[in-house]
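Engineer: Going down the list, the sequences are from chains Y and X. Sequential numbering from 1 applies to the first sequence in our numbering. Sequential numbering from 416 applies to the second sequence in our numbering. C-beta atoms are modelled at their ideal positions from N, C-alpha and C, and glycine is treated no differently. The structure presented is a predicted model; accordingly, all values stated were derived computationally and were not measured. Pasting a structure here, questions to come.
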Amino acid sequence: MGMTMAEKIIAAAAGKESCKAGDIETVTLDRLMSNDGTTHLTIDMYNNLKKPRIADVDKLVWIIDHNIPADSPKTAASHKKMRDFAKEHGITFYEGEGVCHQVMMEKHVRPGELIFGADSHTCAYGALGAFGTGVGCTDYLYAMVTGTSWLLVPETIRFNLHGTLKKGVYARDLILTIIGRISANGANYKAMEFAGDGLKGLSIADRISICNLCVEAGAKTALMEVDDVALDYLKAHGREPKAIFKSDDDAVFSEVFDIDLSEIEPIVAKPHFVDNIVPVSECEGTKIDEAFLGSCNNGRIEDLRVGAEVIKGKHVADKVRFLVVPASREVYKQALKEGLLDIFMNAGAMVMNPNCSVCWGACQGVIGEGETLISTGTRNFKGRAGHKDSFVYLASAATVTASAIKGYITSAEVQ
Amino acid sequence: MGKVFRFNKDVDTDQIIASQYLLFPTIDEMKVHTFESLNSDFASQVKPGDFVVADENFGCGSSREQAPSVLKALGVKAVIAKSFARIFYRNSINIGMPVIVSKELYDAVKDGDEMELDLQAGIITVGDKQFPCTKLPAKMQEILDQGGLIASLDN
């Protein structure tokens, strides 16, 4: 019987020839990412161990990205704890470099790796054919100390993508459509694998956007076949694959979906669930108070180019705040070079330093009681962006920017 | 006996403990904000030995271990739901807090009911009714039995 990509990566990490969905395997991790959302607690637990130790410090990557720069003395203290520990133990450490997943994609992730990240959107790494999965700080600490962990081998849902997206339709619209179709727990415990001829028309930015959001369907991981687009990205960032896996022709999938990319339309996820999707036209006219272009889902240079094209020569609507947050320093510098930041600032947007910003809802740009945000962030849960009685709509960079200009939800085509 | 605090489906980890509290230095400082957006009295009313009972997909969203940790710190004896999101489920077992799948319990209880859980026997009792708990996979039962995953690092 053939194996899926997920089974092959886990088998390799378990030092075995094969494994199958439902097996529990002891695996050696290739990389362990943690950010400032939980690391201060991991350190406290580490310091309470009878025999504190780190299995392989070279596998650890720590990134301060959620509340950077610090918003309060308490945050500053938690950051200091993380910074001091990282420096003392020689852990690879970034601060202000960008949103953790974007930094990982730019600098660390390699095809075939098995990566734990103390952040649910770690599934983004599937864009480069790596098995990334989100864990809490106890799992993280166990893996940091032993170098290993245990994993239930997931079943795989396969998505065969065909054709190309229409102009004005983006990867964000595609993945929201898929989540709407399978629901917020439609892939719980499972891997979501993407393949097919439609993949080649999707950039690495598109692929990250798709894989990143799979946890919103409950997925354990997301995986994409590694092709020339992925290999070119790796090469441009000075890395080689660890191993390239693809599912066998006779691999067993729990479900298979065939998706014609040309049928996807611009989508909005309404409050308060990511699977609560409707065509943008159904929300047309919904008044907004704030718009956010950024995050690990849509803060890449490609997204900023889309936003800049929509807003060039126009202006943010009266009484609306428009936050533009490049996902990393690399993206920020490129946007600066291309004149995109000028375009945004001339249009009245606020350009912030690379961080999780309002997608995290605790750092900057939080919204008040009764306010509405349209966002390229990852989640629209109740209170996610600030006050518990506020509203978050999720959409593509184009829809978010078009809405910022009008002051109400609208698609870029309607402009 | 403990009291039931009942929640709907798709309760996400932001509802359990909001982002703005996650970087507080300790779980004890965070726990007073548990379920703040859904039931602002929860943290002051819940007593050690009480239960959280929920519909499908409890704990979806972020991987923040603070979510099960604040529940445990408030003394919640177990979370019983129709189903759980996977990271929350795994995190709960890892910190030694029982998470139990029961397809029937949610529809059979209301907020404030008294219930009893016999973990050894795998039986939930509410009044004169009994409900079986779904068994944990052996690997997870072993972690729970030793009081969480970290205990094995100190052996």
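Among residues of its own chain, excluding the 5 on either side of Ala251(Y), which ones have a beta-carbon nearer than 7 Å to its beta-carbon?
Structural biologist: Excluding residues within five positions, the ones whose Cβ falls inside 7 Å are Gly2, Met3, Thr4.
Engineer: Who does Asp533(X) pair with in a DSSP beta bridge?
Structural biologist: The partner list for Asp533(X) (beta bridge, DSSP) reads Ile538(X).
Engineer: Measure the C-alpha to C-alpha separation of Asn472(X) and Lys312(Y) and round it to an integer number of angstroms.
Structural biologist: Roughly 43 Å between the two C-alpha positions.
Engineer: Considering only C-alpha positions, which residue in the set Asn276(Y), Ser411(Y), Ala347(Y) is nearest to Gly285(Y)?
Structural biologist: That would be Ser411(Y), whose Cα lies nearest to the Cα of Gly285(Y).
Engineer: Rounded to a whole number of angstroms, what is the C-alpha to C-alpha distance between His89(Y) and Tyr436(X)?
Structural biologist: Rounded to the nearest angstrom, the two C-alpha atoms are 27 Å apart.
Engineer: For the region 48-60 of chain Y, list every residue whose C-beta sits within 7 Å of some C-beta in chain B, in sequence order.
Structural biologist: Of the protein chains in this structure, namely Y and X, none is chain B.
Engineer: What do you reckon, are the CB atoms on Leu394(Y) and Val274(Y) nearer than 8 Å?
Structural biologist: In this structure, Val274(Y) lies closer than 8 Å to Leu394(Y) by Cβ.
Engineer: Within 10 Å of its beta-carbon, does Leu161(Y) have 16 or more other beta-carbons around it, so buried, or fewer, so exposed?
Structural biologist: That one is buried.
Engineer: For Cys475(X), does the three-state DSSP call read helix, strand or coil?
Structural biologist: DSSP places Cys475(X) in strand when its eight states are reduced to three.
Engineer: Between the region 140-164 of chain Y and chain X, which residues of the former have CB atoms less than 8 Å from a CB of the latter, in chain order?
Structural biologist: Flagged, chain order: Leu141, Tyr142, Val145, Thr146, Trp150, Leu152.
Engineer: Please report the straight-line C-alpha distance between Phe422(X) and Ala536(X), rounded to a whole angstrom.
Structural biologist: Spanning the two alpha carbons is a distance of roughly 25 Å.
Engineer: Using C-beta distances below 6 Å, list every residue in its chain close to Thr540(X), excluding the 5 sequence neighbours before and after it, in chain order.
Structural biologist: The answer, listed in chain order, is Glu531.
Engineer: What residues in its chain sit with their C-beta under 7 Å from that of Leu520(X), if we drop five residues either side in the sequence?
Structural biologist: Hits under 7 Å: Val468, Ile495, Ile539, Phe546.
Engineer: Check whether the Cβ of Asp65(Y) lies closer than 8 Å to any Cβ atom in chain X.
Structural biologist: No, Asp65(Y) does not count as interfacial toward chain X.
Engineer: What residue ranges within the region 322-405 of chain Y form continuous alpha helix (DSSP H) runs of no fewer than 4 residues, ordered along the chain?
Structural biologist: Counting whole runs of 4 or more residues, the region 322-405 of chain Y contains the alpha helix (DSSP H) stretches 329-337, 340-346.
Engineer: Can you list, in chain order, the residues of its chain with a C-beta nearer than 6 Å to that of Ile502(X)? Leave out the 5 residues immediately preceding and following it.
Structural biologist: Ser478.
Engineer: By the criterion of Cβ-Cβ separation under 8 Å, what are the contact partners of Gln430(X) in chain Y?
Structural biologist: Ordered by position in chain Y, the residues that pass the 8 Å Cβ test against Gln430(X) are Phe381, Lys382, Gly383.
Engineer: If we cut at 8 Å on Cβ distances, does Gly476(X) have a partner in chain Y?
Structural biologist: Chain Y, which has a Cβ nearer than 8 Å to the Cβ of Gly476(X), makes this yes.
Engineer: Any beta carbon from chain X within less than 8 Å of Lys137(Y)'s own beta carbon?
Structural biologist: Just to set this straight, residue 137(Y) is Cys in the shown sequence, not Lys. It does: the Cβ of Cys137(Y) has a partner Cβ on chain X nearer than 8 Å.
Engineer: Kindly indicate which residue of Cys356(Y), Arg53(Y), His387(Y), Ala398(Y) has the alpha-carbon position closest to the one of Glu95(Y).
Structural biologist: Cα-wise, what sits closest to Glu95(Y) is Cys356(Y).
Engineer: Pairing CB atoms from the region 400-409 of chain Y with CB atoms from the region 303-310 of chain Y, are three or more of them under 8 Å?
Structural biologist: As far as the Cβ criterion goes, the region 400-409 of chain Y touches the region 303-310 of chain Y, which means the pair count is three or higher.
Engineer: Could you tell me which of Cys214(Y), Ala205(Y), Leu165(Y) sits nearest to Asp197(Y), measuring between CA atoms?
Structural biologist: Closest option to Asp197(Y), Cα to Cα, is Leu165(Y).
Engineer: Roughly how many whole angstroms lie between the Cα atoms of Ala433(X) and Ala77(Y)?
Structural biologist: Cα to Cα, the separation comes out at about 19 Å.
Engineer: At least one CB of chain X closer than 8 Å to the CB of His40(Y): is that the case?
Structural biologist: So, interface residue.
Engineer: Taking the Cβ atom as the reference point for each residue, do Val351(Y) and Ser375(Y) lie within a distance shorter than 8 Å?
Structural biologist: In this structure, Ser375(Y) does not lie closer than 8 Å to Val351(Y) by Cβ.
Engineer: State buried or exposed for Ala11(Y), treating a residue as buried only when at least 16 other CB atoms are found within 10 Å of its CB.
Structural biologist: Ala11(Y) should be labelled buried.
Engineer: Return the chain-ordered list of same chain residues with a C-beta closer than 6 Å to the C-beta of Leu564(X), the five sequence neighbours on each side being excluded.
Structural biologist: For Leu564(X), where only same-chain residues beyond five positions count, the Cβ hits under 6 Å are Asn509, Ile558.
Engineer: Since Leu568(X) meets chain Y, which of its residues come closer than 7 Å, beta carbon to beta carbon?
Structural biologist: Going along chain Y in sequence order, the residues near Leu568(X) (Cβ under 7 Å) are Leu49, Tyr142, Val145.
Engineer: Could you please tell me which residues of the region 76-91 of chain Y, in chain order, have their CB closer than 7 Å to any CB of chain X?
Structural biologist: Listed by position along the chain: Ala77, Ser78.
Engineer: Note down the Cα distance separating Ile259(Y) from Ile178(Y), rounded to an integer number of angstroms.
Structural biologist: Roughly 9 Å between the two C-alpha positions.
Engineer: Bridge partners of Thr221(Y), per DSSP?
Structural biologist: DSSP lists Ala191(Y) as partners of Thr221(Y).
Engineer: In whole angstroms, what is the alpha-carbon distance linking Asp456(X) and Leu489(X)?
Structural biologist: Near 13 Å, if we compare the C-alpha coordinates of Leu489(X) and Asp456(X).
Engineer: Could you say if the region 136-153 of chain Y and the region 242-256 of chain Y meet the contact criterion of at least three C-beta pairs nearer than 8 Å?
Structural biologist: Taking 8 Å as the limit for Cβ pairs, the verdict is that the region 242-256 of chain Y does not touch the region 136-153 of chain Y.
Engineer: Give the residues of chain X in contact with Ile24(Y), contact being defined as C-beta atoms less than 8 Å apart.
Structural biologist: Correct list: Pro552, Lys554.
Engineer: With a threshold of 7 Å on Cβ separation, who are the neighbours of Gly370(Y) within its own chain once the five nearest residues in sequence on each side are excluded?
Structural biologist: So the list reads Asp389, Ser390, once near-sequence residues are dropped.
Engineer: Which residues share a DSSP beta bridge with Gln545(X)?
Structural biologist: Bridge partners of Gln545(X): Thr540(X).
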